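Participant:
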Amino acid sequence: MARSNARLVRFGFFALLLILSAYILSKGSSTSYSVSPASKQQTANTNTNANANANDNNKVPVSNKEDASLLKAQDGSSSADTKKVVSGEKVKAAFVTLARNSDVWEILGSIKQIEDRFNHNYAYDWVFLNDEEFSEEFKRETSRLVSGTTHYGLIPHDQWSFPDWIDTQKAAETRERMRQQQVIYGDSISYRHMCRYESGFFFRHPIMQQFDYYWRVEPGIKIFCDVDYDIFKFMSDNDYEYSFTISLPEYVTTIPTLWETTRSFIKEHPSYLHQNNLMDWVSDDGGLTYNGCHFWSNFEIGKLSFWNSPAYLEYFEYLDKAGGFFYERWGDAPIHSIAVALFMDKSKVHFFDNIGYFHNPFHNCPVNEKIRLDKKCACNPNDDVTWKNYFCNNKFYKLQGLKKPEGWERYGD
Ligand SMILES: Nc1nc2c(ncn2[C@@H]2O[C@H](COP(=O)(O)OP(=O)(O)OP(=O)(O)O)[C@@H](O)[C@H]2O)c(=O)[nH]1
Ligand SMILES: [Mg+2]
């Protein structure tokens, strides 16, 4: 009896020891920390996982951190000597991607191109946002390709659902009508939540608060040229607050009342209209009507403080209350663009003619041969849409007093 008691005590002791070790180990691997770009060269890739709904918005590492670093070492995509991370000089900036878990394979292509053409030299962070929890697969696959820290954020439910002032019956009728008219994404609820989120909330996510600049990236895009300089620093050094690669007119059926709603907002807040604005880029009759011109917002490099300004926040709220995200199908591109055109000093808006960009179905490919050679662009200038009449760049160049590249006529229509 005494012997079996002693055995029991010994067993209990070892069991306790085991539990304690497991606890210490698990603590060790889930401690929140960030890795500076320089030390990142020797250490594992770190993920942070921020959940906007949880009380703790702080960073919680992904459980497969070690796996990700192993994969990274094996495929050799992140060799230390290819990185030129200049600590202390970097701008507070990050890529930001709104995505579903099912977008994982397509977003890898976008990430790899941006890493190869730009970010492997700078290791800027990457923020992923989703209306559902990101899967382990999404986090593992994306974190192994990004050279900077990756962050994963959950969107709060109230930012991805019908607000209580929306008549859902009326919204359903719009979707049915647009379905019959075959308006692209006209019958989609999630597309509307996406447009509303990109219009009014992405910049307010807790993870975004640590950054000043962002570069929006979507699945399935292409970057054609080397970005062999710190593009965020370029934005900051030149005092640019918004930049784009493609601009075009919007389908009017998606925004029938957007302009009149904007006009009544401006009437109530005339001081928000910037003196040096781009009104003539969005209106051909001095503000009476909207010509549809917008920056194609699937690509944006911008300054977050603009979206967080009282002018924009109040504008978004005004539009949101008007209900056009649901009673029509207002897109974030015309909304961002109208705000930039009206509230921002036009000298802060920049067109990138040296990145080369594709999002189905349009290409931006530098028509200037020197740029294509210098930046090793891999695209056909005959595909470029920049100088075509249908698009809005000619007008932008004129209003900004910019000189078009030599030979641009060959690529017009
Ligand atoms: N989390 C989440 N992301 C979404 C959802 N719908 C779209 N997105 C993301 O929002 C962005 C814009 O959506 P897209 O479907 O690309 O919209 P689009 O560019 O107008 O249309 P496409 O021509 O299909 O690319 C992309 O980064 C998508 O991954 C959704 O329901 N949930
Ligand atoms: Mg897209």
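In terms of UniProt numbering, the sequence shown is residues 1 to 413.
Yeah, the Cβ is synthetic: ideal placement off N, Cα and C, and Gly gets one too.
Please read these numbers as outputs of a predicted model, since none were measured by experiment.
1) Tell me, please, whether the region 341 to 348 touches the region 369 to 381 by the rule of three or more beta-carbon pairs shorter than 8 Å.
2) Using 7 Å as the cut-off, classify the Cβ of Asn-130 as near or not near the heavy atoms of ligand 2, replying yes or no.
3) Compare the C-alpha of Arg-216 against each of His-205, Trp-408, Glu-198 and Tyr-229 and name the closest.
4) Would you tell me roughly how many angstroms separate the C-alpha atoms of Thr-253 and Trp-296, rounded to the nearest one?
5) Can you give, in chain order, each stretch of the alpha helix (DSSP H) that sits fully within the region 148 to 193 and has at least 4 residues?
6) Run the proximity test for Ser-190: is its beta-carbon closer than 7 Å to any non-hydrogen atom belonging to ligand 1?
7) Who does Trp-126 pair with in a DSSP beta bridge?
8) Since Asn-394 is in the alpha helix (DSSP H), which residue starts that stretch and which ends it?
9) Measuring alpha carbon to alpha carbon, tell me which of Lys-376, Leu-402 and Tyr-411 ends up nearest Arg-117.
10) In terms of residue numbering, what span does the alpha helix (DSSP H) encompassing Tyr-229 cover?
11) Run the CB neighbour count on Asn-277, radius 10 Å, all protein chains shown included, and call it buried at 16 or more, exposed below.
12) Which whole-angstrom value is the C-beta distance of Asp-103 and Pro-219, which I expect to be below 8 Å?
13) Shorter than 8 Å from the beta carbon of Tyr-242 to some beta carbon of chain B?
14) Taking the continuous alpha helix (DSSP H) assigned at Ser-143, which residues delimit it?
15) Is any heavy atom of ligand 2 found at a distance shorter than 7 Å from the C-beta of Asn-364?
16) So, with DSSP's three-state summary, where would you put Lys-222?
17) Since Leu-319 and His-205 are thought to touch, with beta carbons under 8 Å apart, how far apart are those beta carbons, to the nearest angstrom?
18) Within its chain, find whatever has a CB closer than 7 Å to the CB of residue 415; leave out the 5 residues flanking it on each side and keep chain order.
Facilitator: Judging by the given coordinates:
1) no
2) Walking along the sequence shown from the start, residue 130 turns up at place 130. No, the beta carbon of Asn-130 sits no closer than 7 Å to any heavy atom of ligand 2.
3) The sequence position of residue 216 within the sequence shown is 216, counting from 1. Looking at the Cα atoms, Glu-198 is the closest of the given residues.
4) Locating residue 253 in the sequence shown gives position 253, where the first residue counts as 1. Locating residue 296 in the sequence shown gives position 296, where the first residue counts as 1. Thr-253 and Trp-296 have their C-alpha atoms spaced approximately 17 Å apart.
5) As far as the region 148 to 193 is concerned, its whole alpha helix (DSSP H) runs of at least 4 residues are 168 to 180.
6) Looking up residue 190 in the sequence shown gives position 190. Yes, the Cβ of Ser-190 comes within 7 Å of a heavy atom of ligand 1.
7) Counted from its first residue, the sequence shown places residue 126 at position 126. Looking at the DSSP assignment, Trp-126 forms a beta bridge with Phe-95 and Thr-150.
8) For the purposes of this step, residue 394 is identified with residue 394 of the sequence shown, where counting begins at 1. Residues 393 to 400.
9) Taking the sequence shown and counting its residues from 1, the one referred to as residue 117 is at position 117. Out of Lys-376, Leu-402 and Tyr-411, Lys-376 has the C-alpha closest to the C-alpha of Arg-117.
10) For the purposes of this step, residue 229 is taken as residue 229 along the sequence shown, with counting starting at 1. Neither: Tyr-229 is in no alpha helix (DSSP H) and is coded neither H nor E.
11) As a working note, residue 277 is residue 277 in the sequence shown. By the neighbour-count rule (16 or more Cβ atoms within 10 Å), Asn-277 is buried.
12) The residue given as residue 103 occupies position 103 in the sequence shown. The residue given as residue 219 occupies position 219 in the sequence shown. Confirmed, Cβ separation roughly 5 Å.
13) The structure shown contains no chain B, having only a single protein chain.
14) The residue given as residue 143 occupies position 143 in the sequence shown. Residues 136 to 143.
15) Your numbering for residue 364 matches position 364 in the sequence shown. No, since every heavy atom of ligand 2 falls outside the 7 Å radius drawn around the Cβ of Asn-364.
16) On the sequence shown, position 222 is the one that residue 222 refers to. Here Lys-222 sits in strand by DSSP.
17) Residue mapping note: residue 319 aligns to position 319 of the sequence shown, counting from 1. Residue mapping note: residue 205 aligns to position 205 of the sequence shown, counting from 1. Actually they are not in contact, since the Cβ atoms of Leu-319 and His-205 sit about 19 Å apart, beyond 8 Å.
18) Limits of the chain in this structure are 1 at one end and 413 at the other, which puts residue 415 out of reach.
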